[in-house]
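Colleague: Dropping a structure here in structure tokens format, bear with me for questions.
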Amino acid sequence: MNDRQRDTTLLDVQGLRIEALTPSGAAAVLVENASFTLKRGEVLGLIGESGAGKSTIGLASMNYTRAGCAITAGRILFDGRDILNLSEREGRALRGARIAYIAQSAAASFNPALTIGRQVCEVAIRHKILGKAEAKQRAVDLFRTLELPDPETFGNRYPHQASGGQLQRAMAAMAMITEPDLLVFDEPTTALDVTTQVEVLAAFRKLIRDRGTAALYITHDLAVVAQIADRIMVLRHGKTVETGDADDILQHPRETYTKQLVAERAAAMIGHFIADNHAGEAPVLSLKAVVASYSSLNRAVSDVSLELKRGETLAIVGESGSGKSTLARVVVGLLPRESGDIDFKGERLPPALHERSRDTLRRIQMIYQIPDLALNPKQTLLEIIGRPIEFYLGKSKEEARERVLALLRQIELPESYLLRKPPALSGGQKQRVCIARALAAEPDIVICDEVVSALDPLVAEEILGLLRRLQETLGLAYLFITHDLSTVRRLANKVAVMRKGEVVAYGETSEIFSPPYHPYTKLLLSSVPEMRSDWLDEVLQMRSFRD
Amino acid sequence: MRLFGHKMSLKAQIGLAIVVINAFAALLVPVIAPYPEADVLGRAWAGPSAEHWLGLDNLGRDVLSRLLYGARLSIGLSLLITALSFSLGVFGGFSAAVLGKTADMVLSRIVDLFLSMPALIFAMVVLSVLGTDLVVLVVTICLLDATRIFRVSRALAMNIVALDFVEVARLRGEGLWWIVRREVMPNAVLPLVAEFGLRFCFTFLFISALSFLGLGIQPPSADWGSMVKDYSAMIMLGVPTVFYPAGAIALLTIGINLVVDWLTSQTAAEH
Chain A
714 MNDRQRDTTL LDVQGLRIEA LTPSGAAAVL VENASFTLKR GEVLGLIGES GAGKSTIGLA
774 SMNYTRAGCA ITAGRILFDG RDILNLSERE GRALRGARIA YIAQSAAASF NPALTIGRQV
834 CEVAIRHKIL GKAEAKQRAV DLFRTLELPD PETFGNRYPH QASGGQLQRA MAAMAMITEP
894 DLLVFDEPTT ALDVTTQVEV LAAFRKLIRD RGTAALYITH DLAVVAQIAD RIMVLRHGKT
954 VETGDADDIL QHPRETYTKQ LVAERAAAMI GHFIADNHAG EAPVLSLKAV VASYSSLNRA
1014 VSDVSLELKR GETLAIVGES GSGKSTLARV VVGLLPRESG DIDFKGERLP PALHERSRDT
1074 LRRIQMIYQI PDLALNPKQT LLEIIGRPIE FYLGKSKEEA RERVLALLRQ IELPESYLLR
1134 KPPALSGGQK QRVCIARALA AEPDIVICDE VVSALDPLVA EEILGLLRRL QETLGLAYLF
1194 ITHDLSTVRR LANKVAVMRK GEVVAYGETS EIFSPPYHPY TKLLLSSVPE MRSDWLDEVL
1254 QMRSFRD
Chain B
8 MRLFGHKMSL KAQIGLAIVV INAFAALLVP VIAPYPEADV LGRAWAGPSA EHWLGLDNLG
68 RDVLSRLLYG ARLSIGLSLL ITALSFSLGV FGGFSAAVLG KTADMVLSRI VDLFLSMPAL
128 IFAMVVLSVL GTDLVVLVVT ICLLDATRIF RVSRALAMNI VALDFVEVAR LRGEGLWWIV
188 RREVMPNAVL PLVAEFGLRF CFTFLFISAL SFLGLGIQPP SADWGSMVKD YSAMIMLGVP
248 TVFYPAGAIA LLTIGINLVV DWLTSQTAAE H
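Sequence lines, in order, name chains A and B.
So in this note's numbering, spot 2 of the first sequence is number 715, and the numbers just go up one at a time.
So in this note's numbering, spot 9 of the second sequence is number 16, and the numbers just go up one at a time.
Shown next, in the form of structure tokens:
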């Protein structure tokens, strides 16, 4: 591609307005007056929280809207052609051949019954762009560029035979097979572990740069977009906050909202460690050589020994599949341990849930990752939060109601929410309700299983702040399970790093996160994206030296 | 118009109107029926007249009166059977979902045994051997229906039991009965109501089929299935009487299905 071609405008969006038809009939505006241009070979990052309209804009660039939404104003020129006036058939042809989409969850986008290779080649063959043999050859080339294992035979695998990171790369191959002019990436690395994210991100960047493809990169993570985008557009509630060069936005944000986003992300990486000021106290919870497994073949948790004191936060970090959530299930008794001891306040905890007394159950509470699933959609907040009060503490209905109102104040929700049901709450509010339900039992220990990973960064920050304040006032001990190292830095006194069911490093946060590192801790730490555009290059260089 | 807190479509309203009219007819029979169901009033197959709007039947009984009494028996019986089989099926299905693997295994295999036999054949055998008593009829159809409802409610409960909020209740130490009543049931009501409507239709058609075969409701009681049987031969001679009970069966089935379709779509929209 020569320079003249590179400078031509590929996508020109002006005054785009997208509306949704709500059940009540009135239209809600999802995107208002969005305008941007994209040159050939350029990457534009769309940044914002959920509900900001970034995916909606991404899909609209392909002349596609979700069911119940419609483009009501504006103009989209793709390569000089107005694509909003295309017929359904022309639109499909355009989407298959010249614009391609990469979704957040590749695992959900692949058909489990067909081989990956067949699905990758399908578009090109269907649109008669390539013959069968050619398509296959190009797929192999793409697999090689994307550094997938055994590129020649990778296509013969079924989706379940590939890992999440591999599937995400295979999805990029599927998008690139027709050599489109524009790629739309919709949060393609959000569902991946940090260590995998680095590899996938590097593969994507190489692919785009090698072929000079223009791209829209949608994400909520500023540090990720910093690695890949030339320009950034910040969105909030469907409106454009600001647009500019990637470096400019990251280093000199102009608008308050952008400043907030940047500051939040930066705070994740610095800040002082929380000291362990509980030396000498007797632990509330102590695990000694705990072993547990789901099947006799492999151990999910092996030989884990940990201690948790009053008012302290112990973080358990690791990639998915490292056994950290399993450990939580063993502690609460959902998965009885096979051997080893768990002591709670000096007394041995029975392995299985049904052997534990009601009072023991009350003292250990758990908060889940996805508040949508953890709250019964048919119950009111009064029922949800009030039940533990009646059940454990034997309070009357009136007393429970008073206590629920007090708890609502404590989690900073208005009292008028008392009779609302979960579907009427936002994600952050739902997680607050889960916290209130745990607090209602007046526990000693709260197990937090990835409690903020399903939330937007600013909302997550608020929830973490709430948890911290509650710990200070109530002296709670947290067992904090997470894969997000920045959360650990800000919240935990102690850290246990898990890998394949074993604890590979355990100690005070300041010890674990300062040299000399355990090699695996170092890998995890170096995989957390930083908000510099040269971060990815550095990490890749560092790894190539080591290999 | 709203039902269960959801707005009703025009089709659903038409369906509901049909169902309500039928229900009123069944309830108010003794008041509105012009003649008793079994009285012979004139010449067989007399045509429609001012006294007998739909004419007389094969024995000279008033067709309109029989149609109304038939509504009472057919609808009442179907309602009773569906209610009983639902109690049994939902109880069994939920038990299988929450009691653990062994209970699920035992209950599911028993149900499989029933499901392996064609329902109509099974009912015909039982009714031929034990006689065409009303109690036998109710129990037989109830058992057969319960197996199908067991399948549906088991699957439904399994999906709900797998959600985190049920685990939360378990962790709290709640009893099974509380979990089923407060956590599972509220989330299963709407799909179960939709299923109830469908099952009611099937039971209704099933009784009609059995009556048509002579194994269902016995004369002189009127019911729509046996009316179709009694009147069907005359269609060759141009007497249209058979269309009234047959049309009534079709109309009620369509009405219920319109309501059920709407309920199902509401359930889908919720998820």
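Glycine included, every Cβ here is placed at the ideal spot set by N, Cα and C.
Within the 8 Å Cβ cut-off, does GLY180(B) reach chain A?
Modeller: If you number the second sequence from 1, residue 180(B) lands on position 173. Yes, contact with chain A.
Colleague: Looking at the secondary structure, which residues open and close the alpha helix (DSSP H) in which ILE224(B) lies?
Modeller: Within the second sequence, numbered from 1, the residue matching residue 224(B) stands at position 217. Looking at the DSSP string, ILE224(B) is not in any alpha helix (DSSP H), and its letter there is neither H nor E.
Colleague: As an exercise, report each continuous beta strand (DSSP E) stretch of at least 3 residues that is fully enclosed by the region 1141-1173 of chain A, in chain order.
Modeller: 1158-1162
Colleague: Please classify SER218(B) as buried or exposed, where buried requires at least 16 other C-beta atoms within 10 Å of its C-beta.
Modeller: As a first step, residue 218(B) must be located in the second sequence, where it is residue number 211. Flag for SER218(B) reads buried.
Colleague: Closest to VAL756(A) by C-alpha separation, out of LEU827(A), ALA942(A), GLY809(A), would be which residue?
Modeller: Here residue 756(A) refers to the residue found at position 43 of the first sequence. It is ALA942(A).
Colleague: Against GLU1087(A), what residues of chain B qualify as contacts under a CB-to-CB distance less than 9 Å, listed in chain order?
Modeller: By one-based count along the first sequence, residue 1087(A) stands at place 374. Residue identity check: residue 1087(A) is Ala in the sequence provided, not Glu. Those within 9 Å of ALA1087(A) in chain B are LEU170, ASP171, PHE172, GLU174, VAL175.
Colleague: Against ASN166(B), what residues of chain A qualify as contacts under a CB-to-CB distance less than 7 Å, listed in chain order?
Modeller: The sequence position of residue 166(B) within the second sequence is 159, counting from 1. Per Cβ cutoff of 7 Å: no residues; ASN166(B) is ~12 Å from chain A at best.
Colleague: Restricting to runs no shorter than 4 residues, where is the alpha helix (DSSP H) found entirely within the region 979-1060 of chain A?
Modeller: 1037-1045
Colleague: Quick one: what's got a C-beta closer than 8 Å to ALA959(A)'s C-beta in the same chain, skipping five residues either side?
Modeller: The residue you call residue 959(A) lines up with position 246 of the first sequence. Within the same chain, GLY758, VAL938, ALA939, ALA942, ASP943, ARG944, ILE945, SER1246 come within 8 Å of ALA959(A) by CB-CB distance, once the 5 residues on both sides are set aside.
Colleague: Pairing CB atoms from the region 774-786 of chain A with CB atoms from the region 1148-1157 of chain A, are three or more of them under 8 Å?
Modeller: no
Colleague: Would you mind giving the Cβ-Cβ distance between THR932(A) and SER1240(A), rounded to the nearest angstrom? I have them listed as a contact below 8 Å.
Modeller: Reading the first sequence from its first residue, position 219 is the one you call residue 932(A). Reading the first sequence from its first residue, position 527 is the one you call residue 1240(A). Actually they do not touch by this definition, with Cβ atoms about 16 Å apart.
Colleague: Taking the beta strand (DSSP E) that TYR814(A) belongs to, which residues open and close that run?
Modeller: As a position in the first sequence, residue 814(A) is number 101, starting the count at 1. Element bounds for TYR814(A): 812-815.
Colleague: Applying the 10 Å Cβ sphere with the 16-neighbour rule, what's the burial state of PRO1135(A)?
Modeller: Taking the first sequence and counting its residues from 1, one reaches residue 1135(A) at position 422. Under this definition PRO1135(A) is a buried residue.
Colleague: Could you run through the region 1070-1081 of chain A and flag, in chain order, every residue whose CB is less than 7 Å away from some CB of chain B?
Modeller: ARG1071, LEU1074, MET1079, TYR1081
Colleague: Using the rule of at least 16 other Cβ atoms within 10 Å of the residue's Cβ for burial, across every protein chain shown, is GLY232(B) buried or exposed?
Modeller: Counting from one through the second sequence, the residue named residue 232(B) turns up at place 225. GLY232(B) is buried by the Cβ-count criterion.
Colleague: Based on the DSSP output, what are the partners of ILE962(A) in its beta bridges?
Modeller: Within the first sequence, numbered from 1, the residue matching residue 962(A) stands at position 249. Its beta-bridge partners do not exist; DSSP assigns none.
Colleague: Pull up the distance between the alpha-carbon of ARG717(A) and that of PHE791(A), whole angstroms please.
Modeller: Start at 1 with the first residue of the first sequence, and residue 717(A) comes out as number 4. Start at 1 with the first residue of the first sequence, and residue 791(A) comes out as number 78. Its pLDDT being 47, under 50, ARG717(A) is placed unreliably by the model, and the measurement read from it follows with that caveat. Distance between the alpha carbons of ARG717(A) and PHE791(A) is about 18 Å.
Colleague: Could you tell me which residues DSSP puts in a beta bridge with GLY758(A)?
Modeller: Along the first sequence, read from residue 1 onward, the residue named residue 758(A) stands at position 45. Paired residues: TYR930(A), ILE945(A).
Colleague: The alpha helix (DSSP H) that contains ARG839(A), what's its start and end?
Modeller: Within the first sequence, residue 839(A) is the residue found at index 126, counting from 1. First-last of the alpha helix (DSSP H) with ARG839(A): 829-839.
Colleague: With a CB to CB cut of under 6 Å and the five nearest residues on each side skipped, what residues in its chain are close to LEU23(B)?
Modeller: Locating residue 23(B) in the second sequence gives position 16, counting from the first residue. Around LEU23(B): VAL266.
Colleague: List the endpoints of the continuous alpha helix (DSSP H) containing THR891(A).
Modeller: Here residue 891(A) corresponds to residue number 178 of the first sequence, with the count starting at 1. From DSSP, THR891(A) is part of no alpha helix (DSSP H); its letter is neither H nor E.
Colleague: How about THR1312(A) and VAL1210(A): do their beta carbons lie closer than 8 Å?
Modeller: One cannot answer for residue 1312(A) here, as it falls past the ends of chain A, which runs 714 to 1260.
Colleague: Starting from GLY728(A), trace the beta strand (DSSP E) in both directions and tell me its first and last residue.
Modeller: Here the question's residue 728(A) lines up with position 15 in the first sequence. From DSSP, the beta strand (DSSP E) with GLY728(A) extends over 722-734.
Colleague: With a cut-off of 8 Å on the beta carbons, I'd call LEU920(A) and THR858(A) a contact; round off their distance for me.
Modeller: Along the first sequence, read from residue 1 onward, the residue named residue 920(A) stands at position 207. Along the first sequence, read from residue 1 onward, the residue named residue 858(A) stands at position 145. That pair is a contact at about 6 Å.
Colleague: What does the Cβ neighbour count give for ARG1042(A), buried or exposed, with the cut at 16 atoms within 10 Å?
Modeller: One-based indexing of the first sequence puts residue 1042(A) at position 329. Buried: at least 16 other Cβ atoms inside 10 Å.
Colleague: So for MET241(B), helix, strand or coil by DSSP?
Modeller: Against the second sequence, residue 241(B) aligns to sequence position 234. If DSSP states are grouped into helix, strand and coil, MET241(B) belongs with the helices.
Colleague: Any chance you could list the beta strand (DSSP E) runs of at least 3 consecutive residues sitting entirely within the region 118-150 of chain B, in chain order?
Modeller: none
Colleague: Are the region 894-908 of chain A and the region 877-886 of chain A in contact at 8 Å, needing three or more beta carbon pairs?
Modeller: yes
Colleague: Within 10 angstroms of its Cβ, does ILE707(A) collect 16 or more other Cβ (buried), or is it exposed?
Modeller: Outside the shown range of chain A, which is 714 to 1260, sits residue 707(A), and nothing can be said about it.
Colleague: So what does TYR1219(A) bridge to, in DSSP terms?
Modeller: As a first step, residue 1219(A) must be located in the first sequence, where it is residue number 506. According to DSSP, which records beta bridges pairwise, TYR1219(A) is partnered with ALA1209(A).
Colleague: Assign PHE172(B) to buried or exposed, taking buried as 16 or more other Cβ atoms, counted over all protein chains shown, within 10 Å of its Cβ.
Modeller: Within the second sequence, numbered from 1, the residue matching residue 172(B) stands at position 165. That one is buried.
Colleague: Strictly under 8 Å for the Cβ-Cβ distance: is ASN7(B) near chain A by that measure?
Modeller: This structure cannot speak to residue 7(B), because chain B is shown only from 8 to 278.
Colleague: Quick one: which chain B residues come within Cβ less than 7 Å of VAL1045(A)?
Modeller: Locating residue 1045(A) in the first sequence gives position 332, where the first residue counts as 1. Those are LEU178, listed as they occur along chain B.
Colleague: Which residues mark the beginning and the end of the beta strand (DSSP E) in which LEU1106(A) is found?
Modeller: Taking the first residue of the first sequence as position 1, residue 1106(A) is located at position 393. LEU1106(A) -> not in any beta strand (DSSP E); alpha helix (DSSP H) instead, spanning 1094-1106.
Colleague: Are LEU843(A) and ARG831(A) closer than 8 Å when you measure CB to CB?
Modeller: The residue given as residue 843(A) occupies position 130 in the first sequence. The residue given as residue 831(A) occupies position 118 in the first sequence. Not a contact, by the Cβ cut-off of 8 Å.
Colleague: Given 8 Å as the limit, is there contact between the region 119-135 of chain B and the region 68-83 of chain B, that is, 3 or more CB pairs closer than that?
Modeller: no
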